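In short: position in the sequence shown from 1, add 3, done, that's this note's numbering. Shown next, in structure tokens, is the structure this report addresses.
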Amino acid sequence: MVHAVLLAAVRPADAEDLLQEVFLAAWKGMAGLRSDEQVGAWLAVIARNAARRFHSRARPRPEPIPELLPDRLALDGARVAEGTEMLELVRALPQAYRETMLMRLVEGMSGPEISSATGLTPDSVRTNLSRGMKLLRNSLRKRGWT
């Protein structure tokens, strides 16, 4: 779930870096957690704040040199390109839909799990997923995907 929140805000490579930062902050702040039932929502807030701090630092990241990338990434370039394009389409969704969509599509979380993790009501999660899927389908159609 934390990974999905980060993917909604930053590039995949940056999300991996921030994931460690989020769990370190959570470990340090564990004493401040009031209820075990709110762990998911608490972690989501830490992740969102980490993403905001990341953007405020606005540090340029060097682009990877293709020759230095592992050979396994070159196995199926078309699938990688499609996955990257799909992730960018999801990341282009409004924030309210983006997080719930990534939790569902990337993390494989169920509606109740998303509700628990984000603090949203189950109805809000269903609405966000439905509207997000509709927008995603429209984007895919515009790009010629069916």
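From the three backbone atoms N, C-alpha and C, an ideal C-beta is built for every residue, glycine too. Since we're looking at a predicted model, the values are computed, not measured.
Does DSSP put residue i in a helix, a strand or coil?
{"i": "Gln-23", "result": "helix"}
{"i": "Ala-7", "result": "helix"}
{"i": "Arg-129", "result": "helix"}
{"i": "Arg-146", "result": "coil"}
{"i": "Ala-34", "result": "helix"}
{"i": "Thr-124", "result": "coil"}
{"i": "Gly-135", "result": "helix"}
{"i": "Ala-95", "result": "coil"}
Where do the N-terminal and C-terminal ends of the alpha helix (DSSP H) with residue i fall, by residue?
{"i": "Gln-98", "result": "98-108"}
{"i": "Val-13", "result": "Here Val-13 belongs to no alpha helix (DSSP H), and DSSP marks it neither H nor E."}
{"i": "Ala-53", "result": "42-60"}
{"i": "Thr-121", "result": "114-121"}
Of all the options the options, which has the alpha carbon lying nearest to the alpha carbon of residue i?
{"i": "Ala-11", "options": "Ser-113, Arg-107, Gly-35, Ser-118", "result": "Arg-107"}
{"i": "Ala-99", "options": "Ser-113, Glu-88, Arg-129", "result": "Arg-129"}
{"i": "Gln-41", "options": "Ala-120, Lys-137, Asp-17, Gly-114", "result": "Ala-120"}
{"i": "Ala-16", "options": "Gly-114, Met-33, Ala-54", "result": "Ala-54"}
{"i": "Arg-134", "options": "Ser-118, Gly-147, Leu-92, Leu-96", "result": "Leu-96"}
{"i": "Leu-138", "options": "Gly-111, Val-5, Met-112, Met-104", "result": "Met-104"}
{"i": "Ala-44", "options": "Arg-56, Trp-148, Met-136, Thr-124", "result": "Thr-124"}
{"i": "Ala-7", "options": "Gly-114, Trp-148, Glu-102, Glu-88", "result": "Glu-102"}
{"i": "Gly-147", "options": "Glu-116, Arg-14, Glu-88, Leu-132", "result": "Glu-88"}
(message) I'd like to know if the region 138-146 and the region 39-50 are in contact, where contact means that at least 3 CB-CB pairs between them fall below 8 Å.
(response) Under the Cβ criterion (8 Å, minimum of three pairs), the region 138-146 does not count as touching the region 39-50.
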